[in-house]
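Its first residue numbered 1, the sequence shown is counted upward by one per residue in UniProt numbering. What follows is a set of notes on a single structure, which appears directly below.
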Amino acid sequence: MDSNKVDHLFTDTFFKVDFKIDNYLSQCVHKSDLLTLRNDLKNYGVELYTLMVDILKTETEGIVNLAENLTGLNVKIDDLYTPISQLCEEIRSLYHAINDTETNFKEYLDKVESVINEKDYVNLKINVMTTSFHINNVILSLEKNEDMTTLERAVDEYSFQYLYLKEMGLEKIILENNMQNTARRLLNLVEEVFLKALKEKDEVKILMCLRMYVNLAQQSAAEESLRKNIVTPILHLIFTQRNLDDHGQDVKPLYNQAIQFFHQEISLVLNVLHRNPDLKGFDFVINSFWVEVDKQLRNNLPNITAPGNPELFQKRFKDTWRFLEEIANISGDKDLFKRNLSLEAHMKRFNLPVYFEILFQQISAKFESELLLDLSDCDNYDWNKINASDNLFKLKVTESLWSSIKQCFDDGVFLTHLVDQILKLMILLLSRYLKWFDGCLKKWKMSSGNCNIEQLEKIIIFALIDFKTLKSLIARSHNNLNDFDDTIFKIIPMNVRPAFNKILEINEQSLDQMYEKLQQHLVHFIVKQSIVHLQQVTSIPRLYRRTNRNLPQKPSNYVFDTVLPLADLHKKYNEIMGDDILPFLNSIITQLGYQYLTLVQEVLRSVCKTEESLRRLKNRNLNINDESTGQGNGDAITDEAKIREQIKKDVRCFVTELKPFSLSNSNAVFQLLIAETSNVVNK
């Protein structure tokens, strides 16, 4: 190995931070044998030794000088240790002396400040006591001779002292007996003037009293005084069981009396507050009026919720809610119900879940009683039990559904707070109604062979008519939400109507699905009955083959047997169904047409095969003269031609008779039938 390369390799490897001899030897063994490695290391060691000797020869003098200089520097550093230690000790002593001086000075200043504060406190207390004494003298004079101006000045002076002490953090002075007594006496004087002003309806004095209450920071005292002295005596007479009995258990007149009293006695105070927005901190509507209303209702009329009478419960709930809304309107606070939880707590006295449970049982039980009728026996319908009593619907079960839904949204039943539950009840009623028809449909399918076609078609036709009427009543959404005002759903709040629109769309889909199911079942049933007649087309070859019958002149009777039920169906129900009967008949005609086409094609193919067999037989017997002569007669009409002619007349009669009852999309099957018979005749 090149010596320069080896030196460079060893230098890079040995001076790595993570160098490990074991790993290094392991790597080298993979590249060469140990003997070679030993020789390389030995040569590298010799080179290093030679370099070290050369360095020592050339740098000996510099190294010696450096060692001497370092030794001298160490001696000088040792000489500096003692003076530096002395300096540190002196600095430490000075630091402690300064700290002690600072502490002593602070203690002295704190004592001086404490003395000054105590002196100021004593002076302030003397001033407060002097002011209190002066105010008490004024109060004594006011108790003898009422003077609003003097009272207002006394209140202002007390308020100034109060605010000053409160700002200075000296409230404990206020709590002393003499100051508390002064505040109570002032408050009593203001209360007397306030109540007198309310009775006299003196807005000027009321305004002055309210300002004095604000200056005294006793807004709650004004509210309590009004409640205790004016509101409580009147409401105690209004909210009584006797007063409720006098009004026929109708709670609305009691609420009206309370509102009337409020407007007569308290609205004057609200007007003053409204004209003077700087007077803040008062809430007479809640703290003076509503609190007492809630108390009187709970104590004097605990059974006002009428839990055992759903009709009375609903009426009282609505009247109470309107009463609370009127209170909120008077207060001018849109968020009053959110801000004051006592209103919501009062309404929770009315147990809405129990009311809805009773309502649900009443409505659903009545509706379920109409669903007990079993329609599986098509021959024994009691039409007096099935027919609706009015002209809006045909079936009594549909009439009962509509009556139940109307009851849900009746003004005497509906509650806005239960709108989600009532909407669910409406959906449940409709689902139960459709499920009942679905069950009838399954029973009809199981007993299809035993059903009377006339009875079955009448039931289903009536159901289809009712479905269409129901769609117009409970499954028609409105782009303009105000259009609901012309329906039974006008009672639904405006904010719920967008979601209600989606419910109506779902109702429409459900009715359409069941409409299609019932229609398809009746179509299938009628087609199944009619196809029996159409299958007689397969008997036509037997009627004309080797029977010497004349050329057919009229259609077969089976065509009229097939067409007659459809014509009768159109005649019976065209007036009540109108244009809706045409899609129904068209579906029947289309299915019959395609099945008839299949039968005709099978018969014509059979005729063609028979004709081909006869032609081959003729070719074999050409040498027989009588047969040859008979077959050569061009004027003879074959049996196959008669068969084709009969089928052609039948098809044209089928198309002619049914075309008036079909829609344009049935023309395709008619054209296929005509084309099928025409093509065969041409061939």
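The beta-carbon is built from N, C-alpha and C at its ideal position, and this holds for glycine as well.
Around the beta carbon of residue 620, a 10 Å sphere encloses fewer than 16 other beta carbons of the protein chains shown; the residue is thus reported as exposed. Counting only residues of its own chain and dropping the five nearest sequence neighbours on each side, residue 556 has a CB closer than 6 angstroms to the CB of 650. Here residue 533 is buried: its Cβ has 16 or more other Cβ atoms, across all protein chains shown, within 10 Å. A residue is called buried once 16 or more other Cβ atoms fall within 10 Å of its Cβ, and residue 639 is buried on that count. CA-CA distance, residue 383 to residue 390, rounds to 14 angstroms. Close CB contacts of residue 13 within its chain, under the 7 angstroms cut and outside five residues either way in sequence, are with 19, 24 (chain order). Between residue 511 and residue 572, the C-beta gap is not smaller than 8 angstroms, which leaves the two residues out of contact. Take the alpha-carbon of residue 529 and the one of residue 392: they are about 32 angstroms apart. Residue 660 counts as exposed, since fewer than 16 other C-beta atoms from the protein chains shown sit within 10 angstroms of its C-beta.
Cβ atoms of residue 226 and residue 238 stay farther apart than 8 angstroms, at about 16 angstroms.
Here the alpha carbons of residue 48 and residue 55 stand approximately 11 angstroms from one another.
Between residue 286 and residue 340, the gap from beta carbon to beta carbon is short of 8 angstroms. Going by DSSP, residue 369 is part of the alpha helix (DSSP H) stretching over 352-370.
Within the region 230-274, the complete alpha helix (DSSP H) segments at least 4 residues long are 232-238, 241-246, 252-265, listed from N- to C-terminus. In the same chain as residue 643, and ignoring 5 residues on each side of it, the C-beta atoms closer than 6 angstroms to its own belong to 540, 541, 544, 607, in chain order. Pairing residue 518 with residue 441 gives a Cβ-Cβ distance under 8 angstroms.
In the structure shown, residue 574 falls within a helical segment according to DSSP collapsed to helix, strand and coil.
Judged by DSSP secondary structure, residue 588 falls within the alpha helix (DSSP H) whose first and last residues are 581-620. If you draw a straight line from the Cα of residue 37 to the Cα of residue 76, it comes to about 52 angstroms.
Taking every protein chain shown into account, the CB of residue 103 has fewer than 16 other CB atoms within 10 angstroms, so this residue is exposed.
CA-to-CA, the gap between residue 281 and residue 156 works out to about 18 angstroms. Leaving aside the five residues that flank residue 669 on each side, the residues in its chain whose CB is nearer than 7 angstroms to its CB run, in chain order, 590, 593, 594, 597. With 16 or more other Cβ atoms from the protein chains shown falling within 10 Å of its own Cβ, residue 396 counts as buried. Assignment of alpha helix (DSSP H) within the region 291-353, counting only whole runs of 4 or more residues, yields 291-300, 310-331, 336-339, 341-347 in chain order.
With distances taken between CA atoms, residue 257 lies nearest to 234 out of 230, 234, 270, 316. In this structure residue 503 is in contact with residue 427, their Cβ atoms being roughly 7 angstroms apart against a cut-off of 8 angstroms. Here DSSP, grouped into helix, strand and coil, assigns residue 387 to strand.
Counting C-beta atoms within 10 angstroms of its own C-beta, residue 345 has fewer than 16 neighbours from the protein chains shown and is therefore classed as exposed. Residue 439: member of the alpha helix (DSSP H) spanning 419-446, first to last residue.
Taking C-beta separations shorter than 8 angstroms and ignoring five residues to either side along the sequence, the partners of residue 657 in its chain run 559, 560, 563, 567, following chain order.
Cβ-Cβ distances below 8 angstroms link residue 108 to nothing in the same chain once the five nearest sequence neighbours on each side are left out.
One thing to note: residue 413 has its Cβ within 8 angstroms of the Cβ of residue 359. Within the same chain, and ignoring the five residues on either side of residue 288 in sequence, the residues whose Cβ sits closer than 6 angstroms to its Cβ are 223, 226, 227, 231. Residue 525: member of the alpha helix (DSSP H) spanning 497-534, first to last residue. Nearest C-alpha to residue 404 among 433, 420, 60: 433. Taking a 10 Å sphere around the C-beta of residue 655, we find 16 or more other C-beta atoms and assign the residue as buried.
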